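Some notes on the structure that comes next.
Shown next, in the form of structure tokens:
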């Protein structure tokens, strides 16, 4: 049903939004201790540790 699908998507969006705005950052970099809300951001961040710095 299109209407129930729309409601479910909105409910999920609200849950994700509440979680995000609660400033929870469960994804922590083990090398520097920086925390991120999303695992994809942590993965992107970890790439800086694998590059050689001049």
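Residue numbers (the UniProt record's numbering): 1 to 54.
Virtual Cβ for every residue (Gly too), placed ideally from N, Cα, C.
Source: prediction; values computed, not measured.
Note down the Cα distance separating residue 30 from residue 42, rounded to an integer number of angstroms. Counting from 1 along the chain shown, the entry for residue 30 is found at position 30. Counting from 1 along the chain shown, the entry for residue 42 is found at position 42. So the two alpha carbons sit approximately 10 Å from each other.
Quick one: Cα of residue 21 to Cα of residue 34, how far? Residue mapping note: residue 21 aligns to position 21 of the chain shown, counting from 1. Residue mapping note: residue 34 aligns to position 34 of the chain shown, counting from 1. Looking at the two C-alpha atoms, the distance is approximately 18 Å.
Thinking residue 37 and residue 17 are a contact (beta carbons under 8 Å), I'd like their distance in whole angstroms, please. In the chain shown, counting from the first residue as 1, residue 37 sits at position 37. In the chain shown, counting from the first residue as 1, residue 17 sits at position 17. The pair is not a contact, with the Cβ atoms about 11 Å apart (cut-off 8 Å).
Determine which residues share a DSSP beta bridge with residue 27 and list them. Sequence index remark: in the chain shown, residue 27 carries index 27 (1-based). Residue 27 pairs with 36.
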